[in-house]
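A.B. asks: Residue numbers (the working numbering), protein chains in the order written: chain A, 1 to 439; chain B, 440 to 878.
Positions of the beta carbon are idealized from the N, C-alpha and C atoms, including for glycine.
Dropping the structure in here first, questions after.
2 protein chains.
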Amino acid sequence: MTRRILIVGAGPAGTLLACCLARRGFQVDVYERRPDPRLLDEEESRSINLGLSARGIKALDDIGLMDTLWPLTVPMRGRAIHLPGGGAPFQPYGAHEGEILHSVLRRDLITTLIDHAEAQPGVSFHFRHRLVDLDREAAAVHLAEEGTGAALTVRGDAVIGADGAFSQVRARMQHGLRVDHHQEFLEWGYKELTIPADDGSARTRLEALHVWPGEDALIVAHPNRDNSLTGTLFLPVERFEEIADPEEFFRARFPDAIGLMPHLAKEYAEHPVGHLVSIRTSPWHYRDRVALIGDACHAVYPFYGQGMNASLEDCTVLDRCLGAHPDDLGRAFAEYQRLRKPHTDVLDELSKQNFVELRDRLRSPFHLARKKADLLLARLLPGRWVPLYTMISHTTTPYADALARARRQDAILRWAGVATGAVALAAVRRSTRKGGPRC
Amino acid sequence: MTRRILIVGAGPAGTLLACCLARRGFQVDVYERRPDPRLLDEEESRSINLGLSARGIKALDDIGLMDTLWPLTVPMRGRAIHLPGGGAPFQPYGAHEGEILHSVLRRDLITTLIDHAEAQPGVSFHFRHRLVDLDREAAAVHLAEEGTGAALTVRGDAVIGADGAFSQVRARMQHGLRVDHHQEFLEWGYKELTIPADDGSARTRLEALHVWPGEDALIVAHPNRDNSLTGTLFLPVERFEEIADPEEFFRARFPDAIGLMPHLAKEYAEHPVGHLVSIRTSPWHYRDRVALIGDACHAVYPFYGQGMNASLEDCTVLDRCLGAHPDDLGRAFAEYQRLRKPHTDVLDELSKQNFVELRDRLRSPFHLARKKADLLLARLLPGRWVPLYTMISHTTTPYADALARARRQDAILRWAGVATGAVALAAVRRSTRKGGPRC
């Protein structure tokens, strides 16, 4: 008998998983609270853009989707760091050709994914269906149709919660269990501001992620295919309201950005303040009945650009566990958490650290020199010296393994520093002693 | 007009706060899900015992309750550490007379507190009333009477959540807000086991906290007034089920305890496994409408013996804030969180560390020597050298201030160690050089 999996949430992770499950012969129903994004016009579905990197690419390539997606992406070959005194030095993302990121509109990614998933045998999407309750013992979901309010109960062999950081599936699955849960809101929030194309041509270098670093305010901008860029202004949450005149604030703080943002005042007034949450949680599954993927089990701050990539990679790991235990969903789910959670925990840590890097250290000459040394070593010792950023963004080395290796490399650098210092000191002492007393 | 405060939860913190609020002229209604503990016989209200220390004593003394409570307590002058090879060296709790803890049955404490609170003008208790919902904007609670299920809605000027680690007031107060929440279950659980009196006399030294330390299993026992002791066995959660024959396990692991526990097998089979949770959370209040006290805003592991003492101390701090802002509950609540949370966060950390100490380090000769040195310094430098344990348990120095001072003392000890080492080394070198070559 064909087993049936119910997925709650038709974001990138839920939709990609639907494709993986269909390939394994499951019947898959995906329930999503929002309307079908393919039916919304551009204005209704104001879209953010995402940086697709090696892990996401690998996961999407695995279901044969990258050929369709490549034309929808814009390469980002490095960071353009906008300095307060003017000038925007370019910092390449990698030491090697191909170590680049790819900017893609979330809308383009998700509509491509849904089209692909819907074409698989056994996969059905049900938009505008809100989860009302979960019966974790029965793997059943109670749903309400938006608008009509019509109630619906569906039972499957298992339920997958792919419903984001504030997952209702998680809340109901974990109810009354011994739950470890770490949730933190960043003191900073964000607001989207666009850098439109100027008569069709880009106002600034296109194939880069633009960063205006700063301890009290920070902008990150991704390029789009239409030569515009989508900028995100990060500020301490309470600052957004305090700024009465955003143009004045920008003139003082980001003088070279203001010329790129003709709609600044209007967008600042109209766009909402977004909040950033980090979540680590356990358990990720309930017996063979319910499991979580993506932000539902590990939400991270966006500062490493890995949130969506990690969510897509979850599908690869879960799919592999289902392959290893084809007749035992409970073992597959347990193995999935065991294999995956240590790595997403590390990503949480790295994403927090990268906020500090973007905010405080990106302008530091020491930091820039260290980055250059790392890339130089990577070029001199190809495959043997790999900077942490490269491992996280341009490889599929599991996150915790990448961090462990980076720490070993750091230790070598430190020893090298100590050794160099010792050799230098010995040389100095030798030369001093030549003419001095000997004992 | 008299302002009315609704307290949810009639544990030690909620009940003590009722007394404080009555003194400030509030009308106070306390709602508690369970029956009135004064109406239960001993068997129904199986009671744990608690270690009352300086903070709790101060808070209770503040409402004039200690005179009634003293006769219900048993002094604990130190720890008796049961070693694997037999013998139970005694480690005093403090360097000075009076630096001791007081064991009290939770039932004795709470019934005394409720009697006292109920005698205050304006205080009413409503037992067997379960919180169904909270309207945080209106400071209103929706309740159901246990048994009859009768529904009731009560509106006050503010609601206080004193309903424990899994506070429903907290869940409803924080719903949809930017909530930071850290919740962790310890991998170890516990089971209560009694050391009954032997024909009326104590089977072991009474005026001590008894500890059987161990990396894989741990017992802590508090003395009672009837010459019995209440023991708590701590084990990794999954171990409880694995142990088929508890007597065999005790013979191998705690040979000197088995003779003290004639009902071991029966109690092991009948008593449930308890779980230990640690919670840090924020916010602690919603405008001037809702605030949290006790475990509802900071649950800690029991290994520093401070959980209830900290909850009672919350009342002192909140009461002081209400005194400072008598006409502005919102400011009082905000000030209470600002003043108090840094300290309970530190207690959370210390309680986690003390688990490691009890489990791994208590038997170490180095640790015992360090403890002795600390107490010796405290005797030599009265008031100027205060060990961390003393500050936490025998003073009302705020927790974070105590930790900061202990760290300064540690730094001095380390420097003293380095200095002593350097002097010794210099002496050795001098003595060596006397007969050796000079340069």
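1. Bridge partners of Trp188(A), per DSSP?
2. Using DSSP with H/G/I as helix, E/B as strand and the rest coil, what is Trp854(B)?
3. If you count every other CB in all the chains shown that lies within 10 Å of the CB of Gly86(A), and 16 or more means buried, which is it?
4. So is Phe624(B) in contact with chain A if we call contact Cβ pairs under 7 Å?
5. Where does the unbroken beta strand (DSSP E) through Gln91(A) begin, and where does it stop?
6. Starting from His275(A), find everything on chain B with Cβ-Cβ shorter than 9 Å and list it in chain order.
7. Using DSSP with H/G/I as helix, E/B as strand and the rest coil, what is His394(A)?
8. Determine, using beta-carbon pairs with one atom in the stretch 203 to 221 of chain A and one in the stretch 155 to 168 of chain A, whether at least three such pairs fall under 8 Å.
9. What is the rounded straight-line gap between the Cα of Leu570(B) and the Cα of Ala590(B)?
10. Identify every run of the alpha helix (DSSP H) within the stretch 247 to 327 of chain A, keeping only runs that are complete inside it and at least 4 residues long; order them along the chain.
11. Since Leu442(A) and Tyr93(A) are thought to touch, with beta carbons under 8 Å apart, how far apart are those beta carbons, to the nearest angstrom?
12. Indicate the three-state DSSP secondary structure (helix, strand or coil) for Asn488(B) in the structure shown.
13. So does the stretch 54 to 65 of chain A actually touch the stretch 223 to 237 of chain A, counting three or more Cβ pairs closer than 8 Å?
14. Determine the contact status of His394(A) and Glu32(A), defining contact as a CB-CB distance below 7 Å.
15. Assign Trp212(A) to one of three DSSP states: helix, strand, or coil.
16. Which whole-angstrom value describes the C-beta separation of His271(A) and Glu192(A), a residue pair presumed to lie in contact below a C-beta threshold of 8 Å?
17. Rounded to whole angstroms, what is the Cα-Cα separation between Thr551(B) and Arg477(B)?
18. Here's the rule I'm using: 16 or more other beta-carbon atoms within 10 Å means buried, otherwise exposed. How should Phe529(B) be labelled?
19. Which two residues bound the contiguous alpha helix (DSSP H) that contains Arg770(B)?
20. Is the CB of His285(A) under 7 Å away from at least one CB in chain B?
21. Label Arg463(B) either buried or exposed according to how many other C-beta atoms from any shown protein chain fall within 10 Å of its C-beta, with 16 as the threshold for buried.
22. Counting pairs of Cβ atoms below 8 Å between the stretch 733 to 742 of chain B and the stretch 757 to 775 of chain B, do you hit three or more?
23. For Gly875(B), name the three-state secondary structure that DSSP assigns.
24. Taking 7 Å as the CB-CB cut-off, is Gly874(B) touching chain A?
25. Which term fits Trp70(A), buried or exposed, when burial requires 16 or more other beta carbons within 10 angstroms of its beta carbon?
26. So that I know if they touch, is there some Cβ in chain A lying closer than 7 Å to that of His620(B)?
27. If you scan the stretch 112 to 191 of chain A from start to end, which runs of the beta strand (DSSP E) of 3 or more residues do you find wholly inside it?
28. Classify Met1(A) as buried or exposed, calling it buried when 16 or more other Cβ atoms lie within 10 Å of its own Cβ.
29. Closest by CA to Leu312(A), which one among Ile5(A), Arg4(A), Arg280(A), Cys19(A)?
30. Measure how close the beta-carbons of Phe473(A) and Ile219(A) come, nearest whole angstrom, since I'm counting them as under 8 Å.
31. Could you work out which residue in Leu17(A), Ala310(A), Asp216(A), Leu358(A) is closest to Glu238(A) when comparing CA atoms only?
32. Less than 7 Å separating the beta-carbons of Ala601(B) and Ala452(B)?
33. Considering just the uninterrupted stretch of the beta strand (DSSP E) at Ile502(B), what are its terminal residues?
34. Short of 7 Å in beta carbon distance, which residues of its chain neighbour Met66(A), apart from the five on each side in sequence? Order them along the chain.
C.D. replies: Reading off the structure:
1. Residue pairing for Trp188(A): DSSP places it in a beta bridge opposite Pro236(A).
2. Per DSSP, reduced to three states, the secondary structure at Trp854(B) is helical.
3. Gly86(A) comes out exposed.
4. Taking 7 Å as the CB threshold, Phe624(B) lines the interface with chain A.
5. For Gln91(A), the enclosing beta strand (DSSP E) covers residues 90 to 92.
6. Residues of chain B whose Cβ lies closer than 9 Å to the Cβ of His275(A) are, in chain order, Arg617.
7. If DSSP states are grouped into helix, strand and coil, His394(A) belongs with the helices.
8. Taking 8 Å as the limit for Cβ pairs, the verdict is that the stretch 155 to 168 of chain A does not touch the stretch 203 to 221 of chain A.
9. Ala590(B) has its alpha-carbon roughly 10 Å from the corresponding atom of Leu570(B).
10. Counting whole runs of 4 or more residues, the stretch 247 to 327 of chain A contains the alpha helix (DSSP H) stretches 255 to 258, 264 to 270, 307 to 324.
11. Outside the displayed span of chain A (1 to 439) sits residue 442(A), for which this structure offers no information.
12. Asn488(B) falls in the strand class under three-state DSSP.
13. Because the criterion of three Cβ pairs below 8 Å is not met, the stretch 54 to 65 of chain A and the stretch 223 to 237 of chain A do not touch.
14. Between His394(A) and Glu32(A), the gap from beta carbon to beta carbon reaches 7 Å or more.
15. Secondary structure at Trp212(A): strand, using DSSP grouped into helix, strand and coil.
16. That belief holds up - the Cβ atoms of His271(A) and Glu192(A) are roughly 5 Å apart, short of 8 Å.
17. C-alpha separation (whole angstroms): 9 Å.
18. Here Phe529(B) is exposed: its Cβ has fewer than 16 other Cβ atoms, across all protein chains shown, within 10 Å.
19. Arg770(B) -> alpha helix (DSSP H) spans 768 to 795.
20. It does not; no Cβ of chain B falls within 7 Å.
21. Result: exposed.
22. By the C-beta criterion, the stretch 733 to 742 of chain B is judged not to be in contact with the stretch 757 to 775 of chain B, since fewer than 3 inter-stretch pairs fall below 8 Å.
23. For Gly875(B), the predicted structure reports a pLDDT of 37, less than 50, and the residue's modelled location is therefore unreliable. The matter cannot be settled from this model.
24. The pLDDT assigned to Gly874(B) is 41, lower than 50, so where the model puts this residue is not dependable; a value taken from the coordinates is nonetheless given after this. Put simply, the CB of Gly874(B) is far from chain A, with every gap to its CB atoms at 7 Å or more.
25. Exposed.
26. Yes, its Cβ sits closer than 7 Å to a Cβ of chain A.
27. As far as the stretch 112 to 191 of chain A is concerned, its whole beta strand (DSSP E) runs of at least 3 residues are 123 to 126, 129 to 135, 140 to 145, 151 to 155, 158 to 161.
28. With fewer than 16 other beta carbons inside 10 angstroms of its own, Met1(A) counts as exposed.
29. Measuring from the Cα of Leu312(A), the nearest candidate turns out to be Cys19(A).
30. The structure shown does not extend to residue 473(A), since chain A is modelled only from 1 to 439, so the question has no answer here.
31. Minimum Cα distance to Glu238(A) is reached at Asp216(A).
32. It is a contact, given that the beta carbons lie within the stated cut-off.
33. Careful: Ile502(B) lies outside any beta strand (DSSP E) and carries neither H nor E.
34. Counting only Cβ-Cβ distances below 7 Å, and skipping sequence neighbours, we find Ile57, Leu60.
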